[in-house]
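Please read the structure below before turning to the comments.
In the working numbering, the protein residues as written are -8 to 96.
Quick look at the structure:
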């Protein structure tokens, strides 16, 4: 199974690193991002791991919990695409026109 990252997930990971840099702990962001990349590698062998994202209740949309993050994945026939990496306490929502260009961690 192929694993890929959507631009939205890559932006989320960039924002994580920027936030920890702003907090004065520049080594934490890259470490957490590396942990996320390592965690999702298991999807290559186990593409259905994780649970269905409760906000959407769609079997193809799953999440892995890697504190403090929710790693949201979309499973297709031949790949798993990481679509978002959200802070665990946030609820997901469908993007609206107002969300265009906004990015929050």
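For every residue, glycine included, the Cβ atom is placed at its ideal position computed from N, Cα and C.
With DSSP as the reference, please indicate the residues paired to residue i in a beta bridge.
i	result
residue 66	71
residue 43	53
At the level of alpha carbons, what is the spacing between residue i and residue j?
i	j	result
residue -8	residue 68	9 Å
residue 2	residue 42	23 Å
residue 71	residue 34	7 Å
residue 57	residue 25	12 Å
residue 14	residue 7	11 Å
residue 19	residue 47	31 Å
If you count every other CB in all the chains shown that lies within 10 Å of the CB of residue i, and 16 or more means buried, which is it?
i	result
residue 50	exposed
residue 60	buried
Three-state secondary structure (DSSP) at residue i?
i	result
residue 30	helix
residue 76	strand
residue -7	strand
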